[in-house]
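Novice: My structure is below; once you've seen it, I'll send some questions.
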Amino acid sequence: MLDIKRIVAKNISEQVSQLDIEQIYENLEYPPNAEMGDVALPCFKLSRILRKSPNQIAQELASSITPSQFIEKVEAVSGYLNFFINRPLFIEKVVDRIMVEQDKYGSSDIGKSRNIVIDYSAPNIAKPFHVGHLRSTVIGNSLRKIFEFMGYNCIGINYLGDWGTQFGKLITAYNLWGSKQAVEEKGIKELMRLYVKFHQEAEKNPSLEDEARSWFARMERGDKQATELWQWFKDISIKEFEKVYDLMDVDFDYYTGESFYNDKIEPIIEELKQKGLLIESQGALIVDLEQYDMPPCLILKKDGSTLYATRDIAAAIHRKREYGFDKCIYVTGASQSLHFQQWFKVIELMGYEWANDLIHVPFGIVSLGGEKLATRTGKVVLLEDIMSEAIKKTLEIIESKNPGLENKEDVARHMGVGAVIFSDLYSNRIKDVSFSWDEILNFDGETGPYVQYTHARACSVIRKSEETTVDDNNFNSRLLQTKEEYQLCKTLYEFPEKTRMALSQLEPSIITRYLVDLAQDFNRFYHEHPILVDDKELRKARLSLVKAAKITLANGLRLIGLKPLEKV
RNA sequence: GCGCCUGUAGCUCAGCUGGAUAGAGCAACGGACUUCUAAUCCGUAGGCCAGGGGUUCGAAUCCCUUCAGGCGCGCCA
Numbered sequence: 005m006l007d008i009k010r011i012v013a014k015n016i017s018e019q020v021s022q023l024d025i026e027q028i029y030e031n032l033e034y035p036p037n038a039e040m041g042d043v044a045l046p047c048f049k050l051s052r053i054l055r056k057s058p059n060q061i062a063q064e065l066a067s068s069i070t071p072s073q074f075i076e077k078v079e080a081v082s083g084y085l086n087f088f089i090n091r092p093l094f095i096e097k098v099v100d101r102i103m104v105e106q107d108k109y110g111s112s113d114i115g116k117s118r119n120i121v122i123d124y125s126a127p128n129i130a131k132p133f134h135v136g137h138l139r140s141t142v143i144g145n146s147l148r149k150i151f152e153f154m155g156y157n158c159i160g161i162n163y164l165g166d167w168g169t170q171f172g173k174l175i176t177a178y179n180l181w182g183s184k185q186a187v188e189e190k191g192i193k194e195l196m197r198l199y200v201k202f203h204q205e206a207e208k209n210p211s212l213e214d215e216a217r218s219w220f221a222r223m224e225r226g227d228k229q230a231t232e233l234w235q236w237f238k239d240i241s242i243k244e245f246e247k248v249y250d251l252m253d254v255d256f257d258y259y260t261g262e263s264f265y266n267d268k269i270e271p272i273i274e275e276l277k278q279k280g281l282l283i284e285s286q287g288a289l290i291v292d293l294e295q296y297d298m299p300p301c302l303i304l305k306k307d308g309s310t311l312y313a314t315r316d317i318a319a320a321i322h323r324k325r326e327y328g329f330d331k332c333i334y335v336t337g338a339s340q341s342l343h344f345q346q347w348f349k350v351i352e353l354m355g356y357e358w359a360n361d362l363i364h365v366p367f368g369i370v371s372l373g374g375e376k377l378a379t380r381t382g383k384v385v386l387l388e389d390i391m392s393e394a395i396k397k398t399l400e401i402i403e404s405k406n407p408g409l410e411n412k413e414d415v416a417r418h419m420g421v422g423a424v425i426f427s428d429l430y431s432n433r434i435k436d437v438s439f440s441w442d443e444i445l446n447f448d449g450e451t452g453p454y455v456q457y458t459h460a461r462a463c464s465v466i467r468k469s470e471e472t473t474v475d476d477n478n479f480n481s482r483l484l485q486t487k488e489e490y491q492l493c494k495t496l497y498e499f500p501e502k503t504r505m506a507l508s509q510l511e512p513s514i515i516t517r518y519l520v521d522l523a524q525d526f527n528r529f530y531h532e533h534p535i536l537v538d539d540k541e542l543r544k545a546r547l548s549l550v551k552a553a554k555i556t557l558a559n560g561l562r563l564i565g566l567k568p569l570e571k572v
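Dropping the structure here:
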């Protein structure tokens with residue numbers, strides 16, 4: 005594998021006995037622009053060790069390093085030692101590697117025989133799927149793809165919000181204002197209406213809250229009437245969620261919601277008691293976390309029913325036994341950070357050393373016109389509506405740009421849905437986002453359609469080239485001398501570095517950003533240099549670059565959960 | 001009140017474990033399609049990196065502090 009920093013570091017270490025290769029490697033960086041060189045060593049830190057001025061060190065090293073096959077020249081510029089590499093050789097190595105590795109380019113096997121549980125999406129039963137849930141779904145889905153790309157075995161779990169007092173509320177509302185017919189006809193929309201009405205009425209009549217709690221308590225005792233209603237609501241909801249997941253090409257290995265762990269809680273409570281962690285406080289059972297500067301973790305309410313944390317603890321222990329995970333990752337909103345810290349600590353206090361393998365991956369909230377999204381008040385943008393608008397807009401563009409395209413509907417679906425996913429994965433996950441129709445339906449610039457368009461453009465050139473001759477993959481990289489060609493190649497080279505970063509930071513946006521950079525470099529190259537030229541050698545060389553870009557774009561797109569499109 | 005997160009161009013955001021003149025896109029304005037898909041490309045304009053201290057040869061980046069916004073903080077999830 006080609007590692008230009010390593011080559012340079014090795015070269016320097018042969019000249020300076022006081023420094024080992026790793027130290028040098030760590031300090032190497034890429035200069036801000038190509039005229040300065042390809043790899044640089046800032047000599048300021050060395051100044052103290054070597055007791056010379058940075059400039060002097062750079063000068064001396066510059067004159068003592070002899071050019072090699074890979075390093076063409078070395079320059080000292082104001083304290084920096086700048087290396088200029090053999091660009092044709094670099095291009096050849098990078099493109100060859102991509103040609104060989106194909107859809108594995110950027111991947112790794114560091115995760116071999118390791119299991120990762122990823123808990124994502126987790127919508128609440130009886131509530132519509134809106135933009136807020138979208139984030140967990142797309143971030144989790146992308147992380148899963150990234151982990152798999154790095155060799156891990158992933159278990160995707162959709163931890164449905166199918167248990168809790170909210171169902172008491174829903175049952176209460178259904179009994180008071182609902183009808184079987186309305187729910188059957190309107191599905192989740194009717195359930196939401198009932199839920200919203202409950203909260204409106206409960207403001208005037210707080211006793212409704214008590215009734216809701218008692219219905220939930222009945223559910224926990226296995227009461228027939230309560231359970232049947234709950235199961236019915238759940239079936240309706242899952243059916244609707246699956247439509248959304250199909251649309252987005254997202255899937256899960258298990259749909260084990262909170263209710264799944266219901267019968268696994270009792271032993272956990274016993275265990276907590278045995279380990280002396282549970283104490284009674286104001287009628288409830290808690291784990292005190294004061295010495296860890298956290299509020300207590302509530303385990304059982306005074307009416308004996310469970311809480312979110314209780315179920316999370318039971319679920320984690322169950323998952324550890326079941327899947328023997330190396331890491332268990334929870335993709336949920338940042339507002340739940342304290343909750344996760346609390347119950348992670350409880351797991352640790354229970355004596356499980358794998359408490360450190362539990363990871364919360366938080367993300368910022370989605371707001372709408374400055375207001376928080378809330379199902380209770382009905383203030384939501386439904387995912388269904390966003391997707392259909394995006395698809396509609398895409399179809400319109402296709403009709404005007406490329407009306408002869410085959411499979412228009414299918415392309416429009418991938419393009420439109422992809423645009424929404426892309427935009428959600430575009431900035432750092434921790435940032436709050438403000439939903440805007442204008443932004444989500446803008447297909448110019450740093451967007452999913454831009455990257456897809458670029459990929460399709462590359463495919464198109466490759467297709468055209470194959471109409472005349474089938475070129476082999478040998479090419480003369482010395483014919484690729486322009487700055488656009490080199491820049492494109494440099495960016496292609498960075499891909500494996502980016503996938504590693506995305507993995508270690510659990511940050512899909514690193515890939516999304518990268519795709520935009522790569523697409524920009526490709527489009528500049530494409531615009532500036534004709535590819536299907538008469539000169540056979542030049543054509544082969546440029547075409548190789550196009551193929552390498554196409555492969556890398558496709559690999560990146562898959563990592564964020566999009567299907568690379570061949571024609572748009 | 002305490003804790004966590006965020007603050008970079010009019011808007012949306014990049015900026016790696018500190019490094020060379022702070023980068024994109026959108027919006028605005030001006031250019032480029034008889035030639036491989038113009039959902040593209042090129043150019044112009046736009047910045048006391050929230051304010052103030054400090055550490056350092058060097059700070060958007062690290063530390064302290066103030067301000068602004070968001071999110072949490074016992075029977076919701």
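Residues in the first sequence are numbered consecutively from 5, following the working numbering.
Cβ atoms here follow ideal geometry from the backbone N, Cα and C, with glycine treated the same way.
In its own chain, which residues sit with a C-beta less than 6 Å from the C-beta of Gln491, not counting the 5 before and 5 after it?
Specialist: Closer than 6 Å at the Cβ level, and outside the excluded window around Gln491, lie Asp525.
Novice: Could you tell me how far apart the beta carbons of Pro366 and Ser392 are, in whole angstroms, since I believe they sit closer than 8 Å?
Specialist: No, Pro366 and Ser392 are not in contact; Cβ-Cβ is about 30 Å, not under 8 Å.
Novice: Using the DSSP secondary-structure output, state which residues sit across from Pro46 in a beta bridge.
Specialist: Tyr84.
Novice: Between which two residues does the beta strand (DSSP E) holding Gly366 run?
Specialist: It should be pointed out that residue 366 corresponds to Pro in this sequence rather than to Gly. It spans 362-367 - the beta strand (DSSP E) in which Pro366 sits, taken as one unbroken run.
Novice: Kindly give me the distance between the Cβ atoms of Glu511 and Asn432, rounded to whole angstroms, as I take these residues to be in contact under 8 Å.
Specialist: At roughly 7 Å, the Cβ-Cβ gap stays under 8 Å, so Glu511 and Asn432 are in contact.
Novice: Alpha carbon to alpha carbon, what distance is there between Val335 and Ile120?
Specialist: Whole-angstrom Cα-Cα distance: 13 Å.
Novice: Sort out for me which residues DSSP pairs Ser285 with in a bridge.
Specialist: Its beta-bridge partners are Ala288.
Novice: Classify Leu180 as buried or exposed, calling it buried when 16 or more other Cβ atoms lie within 10 Å of its own Cβ.
Specialist: Label assigned to Leu180: exposed.
Novice: Just the C-alpha distance for Arg543 and Leu536, rounded to the nearest angstrom, thanks.
Specialist: About 6 Å.
Novice: Alpha carbon to alpha carbon, how far is Thr473 from Arg467?
Specialist: Going by the C-alpha atoms only, they are around 10 Å apart.
Novice: Let me check one thing: in DSSP terms, what residues is Cys463 bridge-paired to?
Specialist: Per DSSP, none; premise fails for Cys463.
Novice: Nearest by alpha-carbon distance to Asn419: which of Phe439, Val455, Glu294 is it?
Specialist: A quick correction: the sequence has Met, not Asn, at residue 419. For the residues Phe439, Val455, Glu294, the minimum Cα distance to Met419 belongs to Val455.
Novice: Where Asp292 and Ser438 are concerned, what is the direct C-alpha to C-alpha distance, given to the nearest angstrom?
Specialist: In a straight line, the C-alpha of Asp292 is about 37 Å away from that of Ser438.
Novice: In this structure, what does DSSP give as the bridge partners for Phe237?
Specialist: Its beta-bridge partners do not exist; DSSP assigns none.
Novice: So what does DSSP say about Gly41, is it helix, strand or coil?
Specialist: It is coil, neither helix nor strand.
Novice: Let's see if you can read the secondary structure: which residues bound the alpha helix (DSSP H) around Phe1?
Specialist: The structure shown does not extend to residue 1, since the chain is modelled only from 5 to 572, so the question has no answer here.
Novice: In this structure, what does DSSP give as the bridge partners for Ile425?
Specialist: In the DSSP output, where bridge partners are listed per residue, Ile425 has none listed.
Novice: Please classify Trp219 as buried or exposed, where buried requires at least 16 neighbouring CB atoms within 10 angstroms.
Specialist: Burial call: buried.
Novice: What's the call for Ile53, buried or exposed, on a 16-neighbour Cβ count within 10 Å?
Specialist: Its Cβ having fewer than 16 others within 10 Å, Ile53 is exposed.
Novice: Run through the DSSP bridge pairs and tell me what Glu33 is partnered with.
Specialist: In DSSP, Glu33 forms a bridge with Ala44.
Novice: Could you pull out every unbroken alpha helix (DSSP H) segment of at least 4 residues lying fully inside the stretch 280-362, listed in chain order?
Specialist: Those alpha helix (DSSP H) runs which fall completely within the stretch 280-362 and span 4+ residues are 312-327, 341-353.
Novice: Run through the DSSP bridge pairs and tell me what Asn90 is partnered with.
Specialist: Answer is none; Asn90 lacks a bridge partner.
Novice: Given 8 Å as the limit, is there contact between the stretch 339-356 and the stretch 399-411, that is, 3 or more CB pairs closer than that?
Specialist: Verdict: no, contact absent.
Novice: May I ask which residues mark the beginning and end of the alpha helix (DSSP H) holding Asn59?
Specialist: Here the alpha helix (DSSP H) through Asn59 covers 58-68.
Novice: Where do the N-terminal and C-terminal ends of the alpha helix (DSSP H) with Leu492 fall, by residue?
Specialist: First-last of the alpha helix (DSSP H) with Leu492: 487-509.
Novice: By the DSSP assignment, the beta strand (DSSP E) with Val370 in it spans what residues?
Specialist: Looking at the DSSP string, the run of the beta strand (DSSP E) that includes Val370 is 370-372.
Novice: Give the DSSP bridge partners of Asn162, in chain order.
Specialist: In the DSSP output, where bridge partners are listed per residue, Asn162 has none listed.
Novice: How many Å lie between Leu1 and Ile61 at the Cα?
Specialist: Outside the displayed span of the chain (5 to 572) sits residue 1, for which this structure offers no information.
Novice: From which residue to which residue does the alpha helix (DSSP H) around Asn15 run?
Specialist: Counting along the chain, the alpha helix (DSSP H) containing Asn15 begins and ends at 8-17.
Novice: For Asp123, name the three-state secondary structure that DSSP assigns.
Specialist: DSSP places Asp123 in strand when its eight states are reduced to three.
Novice: Thinking Leu507 and Gly560 are a contact (beta carbons under 8 Å), I'd like their distance in whole angstroms, please.
Specialist: About 14 Å separates the two Cβ atoms, so there is no contact after all.
Novice: Exposed or buried, what is Val384 when buried is set at 16 or more other beta-carbons lying within 10 Å of its beta-carbon?
Specialist: With 16 or more Cβ atoms within 10 Å of its Cβ, Val384 is classed as buried.
Novice: Taking the C-alpha atoms as reference points, what is the distance between Ile514 and Leu147?
Specialist: Cα-Cα distance, rounded: 11 Å.
Novice: Using the Cα positions of Asn90 and Phe74, report the straight-line distance between them to the nearest angstrom.
Specialist: Each residue's Cα considered, the two are about 5 Å apart.
Novice: Opposite Ile75 in the DSSP bridges: which residues?
Specialist: DSSP, once it has assigned bridges, lists Ile89 as partnering Ile75.
Novice: Relative to the C-alpha of Asn86, which candidate in Phe426, Ile369, Asn37, Asp100 has its C-alpha closest?
Specialist: Of the candidates Phe426, Ile369, Asn37, Asp100, the one whose C-alpha sits nearest the C-alpha of Asn86 is Asn37.
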